[in-house]
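Numbering (the numbering used here), first residue to last: 51 to 189.
Note that the Cβ used here is the ideal one computed from N, Cα and C, for glycine as well.
Take a look at the structure set out below.
Below is the structure:
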């Protein structure tokens, strides 16, 4: 059953990321849904930090995918699929090599490629409260 966590400030993100990682310790593909400005990239930055990434994490809007390497040598792939025109474009970048690599794959705008997502992936919905800075994470 999905659970929803309310986040009132950025200080609460580390705990939410820990909960997500502890709830699905074996999952590697995480699909982040939310409107523009909901906080997907900010959440992914904290996710990567907790996985041991020490470099700057930015949304790969034009590159489609960025690779980060954790301090233990693990690759983490961050996708921003906003600019995709068609899901078939993922075939050109060899999505299977990423999704089935046993490395973390963190996807923004996954609704553009839902038919390609592995059966085993975690769906994370991020919604914002228009009257406050609060965010609601459902997974």
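Please classify residue i as buried or exposed, where buried requires at least 16 neighbouring CB atoms within 10 angstroms.
i           : result
residue 112 : exposed
residue 94  : buried
residue 135 : exposed
residue 107 : buried
residue 216 : Residue 216 lies beyond the range of the chain shown here (51 to 189); nothing can be said about it.
residue 161 : exposed
Can you look up residue i in the DSSP assignment and give me helix, strand or coil?
i           : result
residue 106 : coil
residue 138 : coil
residue 129 : strand
residue 117 : strand
residue 93  : helix
Can you give me the C-alpha to C-alpha distance between residue i and residue j, rounded to a whole angstrom?
i           : j           : result
residue 114 : residue 150 : 17 Å
residue 174 : residue 187 : 7 Å
residue 97  : residue 144 : 24 Å
residue 164 : residue 157 : 11 Å
Inter-stretch contact at 8 Å, needing at least 3 Cβ pairs: the region 167-186 / the region 85-102
yes
Give, in chain order, every unbroken run of the alpha helix (DSSP H) that is at least 4 residues long and sits entirely within the region 142-177.
145-149
Check whether the region 72-82 touches the region 164-173, counting contact only when three or more Cβ pairs, one atom from each stretch, lie closer than 8 Å.
Cβ pair count under 8 Å is three or more, so yes.
Taking the runs of the beta strand (DSSP E) that are 3 residues or longer, which of them lie wholly in the region 53-86?
54-57, 79-83
I'd like to know if the region 117-133 and the region 64-73 are in contact, where contact means that at least 3 CB-CB pairs between them fall below 8 Å.
no
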